[in-house]
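Student: Got a structure for you, questions after.
Protein chains in written order, with the numbering used here: chain A, 1 to 327; chain B, 1001 to 1470.
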């Protein structure tokens, strides 16, 4: 049961990263578009799906609270201010989709909210992962740090890194979903973003090994883990090859594969710890009565249904954005 | 009064929940109202139901969006500001809130899309089904929230571990406790009544202005008649909730009654000015015996006063005392309007009774006020406990929080809510002022399901499914 919920949690977080990742990324690239027409197309590329994407954040949070309450309590209290900034960002971003078209004079305000919200959400998520890898001050299963405990060079570096990563996903997405100038914009942005992301991943891998020496043992004990970075490299190569050929078919899939590899690397480095190195999955899990109750309704019924709905939405909205219609 | 992290966290929670509850109170009722309209349209085949349904769907879309947005903040507050509560009650509250997200999302999000732009793409019965599913989804969501809150009011079906963690050992007892059985219908009825009055008030407003008179009259009549049935039912369930509070939360009951000393037989205080410092009321109008009748259906029962509880176990008196009276006052006012209106609605009386129409058009906040004050009564009356009798609110707060942090986030939330709800209210007002679209102009919804505020043709670039896809 614990394993099932750990898997479900990991899966919904990964899905959130991949899905909301690209639409946050589009938000980050938004100010660099050269015309209102391009900006509208960028929004059109994500507007049918962003809401559903964001729901996976709620699903992840609900799963965390439902199955691993101590981790929920620690993580949310440790990132008090940044989490509220993220929420503020997500709210502003969410209403911006709607309000910018209604607004006459206040459009710059909603656009700013959209962009700032995207950056804030991405940075906070990256920084949180960084701070968790570095280790939060925890005693007896309770967070004992203060509101600034999360701030460290490593966490800030990870925050910036995730911004780059999401922007890469966003660029892949708009390139794949558009034609003409917007597609060209995406193709122009991708090489820079790839270079930045590659540099980030190499540095962050070495850096986390340095601050978390026990992880090194895990890598020497489980050489199979080396498949993860290898997969990441292959995905990078595929992305580069797609760019070289001007083929946008598999751009997003390649980008997603890079994230998948990074995620697996991270999980492989720290499992069975949820919060390294103080709480394992089993220490953090709710009692069996809670996990089973959650399993029989949500686990085997609602979660697959939600997944099916997500797939259907993406199928309905597949293909490139059509030419602008009259408006 | 010191601005401690605890106090600020409570203010923050009260602020966000007060904002949030407005939207579910409206959307639960509106979803049911839309389902009702679709059913009427299916059965009678009259076009007016379609016009009404199309009109209220637009309002529904805006409030639904704002409700979701304001609800997200609440979910996170459990971990950010109340992490001890989350940690210790997580095995019980976690799955309950998990179910809320899972089922709420699965039903609402899936069928909301059909509602928003499936009108002419799915058969009429399927559209009705989608309405029904959204309606069930919102009510289901309310059910899980009420189970969760009722467990905090009346903890049951659990055991405590050595380190103070609540572990569930009887889920049915938690899911169908006495508190859930009375409080869930009370909340759903509150939502229905609130929506009925919004509909009736809008109808009365149109009748007064002389615009969309046919639709206006239909809204006013349907809203008032619905309320004429629902309000008495609500008073009954309110009474049942009162019974459960009397039996299970005696300190809250005493605070609501403004009763300081044990009394036998007890009188019922109608109006008073509680003075907690001196443990008495400065002024009061009371009816003898009525307190015992209301409390225990007897002329002689002994009713417990606040002084029977240690000072640190008493809830603050003024808020439950006054908010309860405001709630009941709104309820009685709504009952009067609904019954007079229903009486007038048989025949042509309604059109001529302009004064009554003015009163009805101004009555739209009554349901919201009653709902919010009802929650204040329940939540403030629960103090000083977070989990009644088991976990104090002071021990539930995140231990490492500082006042500065909470003040910062409180300011942030207040600013953002003011901004987005200000604009949201403006858009709802514009929709209401514009009124229903005449049948001839109704066409395909050119809107996007994820961008519910859009009016047809108002959003360039994303003309529904046509804008995206092959």
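Note that CB positions come from ideal geometry on N, CA and C, so glycine has one too.
Since we're looking at a predicted model, the values are computed, not measured.
Identify which residue in 1336/B, 1276/B and 1187/B has its Cα closest to the Cα of residue 1312/B.
Tutor: Here residue 1312/B refers to the residue found at position 312 when the second chain is read from its first residue. Among 1336/B, 1276/B and 1187/B, the Cα nearest to that of residue 1312/B belongs to 1276/B.
Student: Report the residue ranges of all alpha helix (DSSP H) runs contained in full by the segment 1051-1109 of chain B; include only those spanning at least 4 residues, in chain order.
Tutor: The qualifying runs are 1083-1103.
Student: Considering only residues of the segment 1180-1248 of chain B, which uninterrupted alpha helix (DSSP H) runs meet the minimum length of 4 residues and lie entirely inside it, listed in chain order?
Tutor: The qualifying runs are 1213-1248.
Student: Check residue 1406/B in the structure and name its three-state DSSP category.
Tutor: Taking the first residue of the second chain as 1, we reach residue 1406/B at position 406. Here residue 1406/B sits in helix by DSSP.
Student: Are the beta-carbon atoms of residue 1115/B and residue 1134/B separated by less than 7 Å?
Tutor: Residue 1115/B sits at position 115 when you count from the first residue of the second chain. Residue 1134/B sits at position 134 when you count from the first residue of the second chain. Against a cut-off of 7 Å, the Cβ pair of residue 1134/B and residue 1115/B comes out as a contact.
Student: What ranges does the alpha helix (DSSP H) occupy inside the segment 1329-1376 of chain B, keeping only unbroken runs of at least 4 residues that lie completely in it?
Tutor: List check, alpha helix (DSSP H) in window: 1349-1352 and 1354-1361.
Student: Can a CB atom of chain B be found closer than 7 Å to the CB of residue 87/A?
Tutor: By one-based count along the first chain, residue 87/A stands at place 87. Yes, residue 87/A lies at the interface with chain B (some Cβ there is under 7 Å from its Cβ).
Student: Can you give me the C-alpha to C-alpha distance between residue 964/B and residue 1253/B, rounded to a whole angstrom?
Tutor: The question about residue 964/B has no answer, for chain B in this structure spans 1001 to 1470.
Student: Under a three-way DSSP split, which group does residue 1275/B fall into?
Tutor: One-based indexing of the second chain puts residue 1275/B at position 275. Strand, per DSSP.
Student: So which residues of chain A does residue 1102/B contact, with C-beta pairs closer than 8 Å?
Tutor: Walking along the second chain from the start, residue 1102/B turns up at place 102. Ordered by position in chain A, the residues that pass the 8 Å Cβ test against residue 1102/B are 59, 62, 297, 298, 302, 303 and 306.
Student: Any beta carbon from chain A within less than 7 Å of residue 1022/B's own beta carbon?
Tutor: Translated into the one-based positions of the second chain, residue 1022/B becomes position 22. Not one chain A Cβ lies under 7 Å of residue 1022/B.
Student: For chain B, check one thing: does any of its Cβ atoms lie closer than 7 Å to the Cβ of residue 69/A?
Tutor: Residue 69/A sits at position 69 when you count from the first residue of the first chain. Cβ-Cβ to chain B under 7 Å: yes for residue 69/A.
Student: Measuring CB atoms only, is the segment 74-91 of chain A touching the segment 1067-1074 of chain B, in the sense that at least three cross pairs come out at less than 8 Å?
Tutor: Contact holds: three or more Cβ-Cβ distances are below 8 Å.
Student: What do you reckon, are the CB atoms on residue 72/A and residue 1098/B nearer than 7 Å?
Tutor: Sequence index remark: in the first chain, residue 72/A carries index 72 (1-based). Sequence index remark: in the second chain, residue 1098/B carries index 98 (1-based). Cβ distance not < 7 Å, so residue 72/A and residue 1098/B don't count as in contact.
Student: Is DSSP giving residue 1289/B helix, strand or coil here?
Tutor: Taking the second chain and counting its residues from 1, the one referred to as residue 1289/B is at position 289. Coil, per DSSP.
Student: Going by C-alpha to C-alpha distance, which of 316/A, 257/A, 303/A and 314/A sits closest to residue 59/A?
Tutor: Reading the first chain from its first residue, position 59 is the one you call residue 59/A. Nearest of 316/A, 257/A, 303/A and 314/A to residue 59/A, Cα basis: 303/A.
Student: With a CB to CB cut of under 8 Å and the five nearest residues on each side skipped, what residues in its chain are close to residue 96/A?
Tutor: As a working note, residue 96/A is residue 96 in the first chain. Correct list, in chain order: 110, 111, 113, 114 and 117.
Student: Buried or exposed for residue 221/A, going by 16 or more other Cβ atoms inside 10 Å?
Tutor: Within the first chain, numbered from 1, the residue matching residue 221/A stands at position 221. Result: exposed.
Student: Could you work out which residues of chain B lie near residue 55/A, taking near to mean beta carbons separated by less than 8 Å?
Tutor: Mapped onto the first chain, residue 55/A falls at position 55. 1105 and 1109, listed in chain order.
Student: Going by C-alpha to C-alpha distance, which of 1108/B, 1224/B and 1417/B sits closest to residue 1359/B?
Tutor: Translated into the one-based positions of the second chain, residue 1359/B becomes position 359. Looking at the Cα atoms, 1224/B is the closest of the given residues.
Student: What residue range does the beta strand (DSSP E) around residue 149/A cover?
Tutor: Position 149 of the first chain, counted from the start, is the residue given in the question as residue 149/A. Here residue 149/A belongs to no beta strand (DSSP E), and DSSP marks it neither H nor E.
Student: Around the Cβ of residue 1298/B, are there at least 16 other Cβ atoms within 10 angstroms (buried) or fewer (exposed)?
Tutor: Position 298 of the second chain, counting from 1, holds the residue named residue 1298/B. When all chains shown are included, residue 1298/B counts as exposed.
Student: Cutting at 8 Å between CB atoms, please list the residues of its own chain near residue 202/A, excluding the five before and the five after it.
Tutor: Looking up residue 202/A in the first chain gives position 202. For residue 202/A, where only same-chain residues beyond five positions count, there are no Cβ hits under 8 Å.
Student: Taking 6 Å as the limit between beta carbons, can you name the residues of its chain near residue 1055/B, skipping five residues before and five after?
Tutor: Start at 1 with the first residue of the second chain, and residue 1055/B comes out as number 55. Answer for residue 1055/B: 1436, listed in chain order.
Student: Going along chain A, which residues have a C-beta under 7 Å from residue 1408/B?
Tutor: Walking along the second chain from the start, residue 1408/B turns up at place 408. Residues of chain A passing the Cβ test: 81.
Student: Does any residue of chain A bring its CB to less than 7 Å from the CB of residue 1091/B?
Tutor: Locating residue 1091/B in the second chain gives position 91, counting from the first residue. For residue 1091/B, the answer is yes, since a Cβ of chain A falls inside 7 Å of its Cβ.
Student: What span of residues does the alpha helix (DSSP H) with residue 1018/B cover, start to end?
Tutor: As a working mapping, residue 1018/B is identified with position 18 in the second chain. It spans 1005-1044 - the alpha helix (DSSP H) in which residue 1018/B sits, taken as one unbroken run.
Student: Within its chain, find whatever has a CB closer than 7 Å to the CB of residue 1387/B; leave out the 5 residues flanking it on each side and keep chain order.
Tutor: Translated into the one-based positions of the second chain, residue 1387/B becomes position 387. Only 1089, 1152 and 1155 meet the Cβ criterion.
Student: Identify every run of the alpha helix (DSSP H) within the segment 23-48 of chain A, keeping only runs that are complete inside it and at least 4 residues long; order them along the chain.
Tutor: Counting whole runs of 4 or more residues, the segment 23-48 of chain A contains the alpha helix (DSSP H) stretches 36-46.
Student: Can you tell me which residues form a DSSP beta bridge with residue 1269/B?
Tutor: Numbered from 1 along the second chain, position 269 holds the residue referred to as residue 1269/B. In the DSSP output, where bridge partners are listed per residue, residue 1269/B has 1286/B.
Student: Residue 1236/B: which of 1227/B, 1214/B and 1186/B sits nearest, CA to CA?
Tutor: In the second chain, the residue the question calls residue 1236/B occupies position 236. Among 1227/B, 1214/B and 1186/B, the Cα nearest to that of residue 1236/B is on 1186/B.
Student: At a CB-CB cut-off below 7 Å, which residues of chain B make contact with residue 181/A?
Tutor: Counting from 1 along the first chain, the entry for residue 181/A is found at position 181. The contacting residues do not exist; residue 181/A stays about 15 Å from chain B at best.
Student: Measuring only the C-alpha atoms, how far is residue 1418/B from residue 1362/B?
Tutor: As a working note, residue 1418/B is residue 418 in the second chain. As a working note, residue 1362/B is residue 362 in the second chain. Answer to the nearest angstrom: the Cα atoms are 23 Å apart.
Student: Determine the burial state of residue 247/A: buried for a count of at least 16 other Cβ atoms within 10 Å of its Cβ, exposed for fewer.
Tutor: Start at 1 with the first residue of the first chain, and residue 247/A comes out as number 247. Counting Cβ neighbours within 10 Å, residue 247/A comes out exposed, since fewer than 16 surround it.
Student: Using a Cβ cut-off of 7 Å (strictly closer), state whether residue 8/A contacts chain B.
Tutor: Locating residue 8/A in the first chain gives position 8, where the first residue counts as 1. Residue 8/A does not count as touching chain B.
Student: Going by other Cβ atoms of all chains shown within 10 Å of its Cβ, with 16 needed for buried, is residue 1006/B buried or exposed?
Tutor: Numbered from 1 along the second chain, position 6 holds the residue referred to as residue 1006/B. By the 10 Å Cβ count, residue 1006/B comes out buried.
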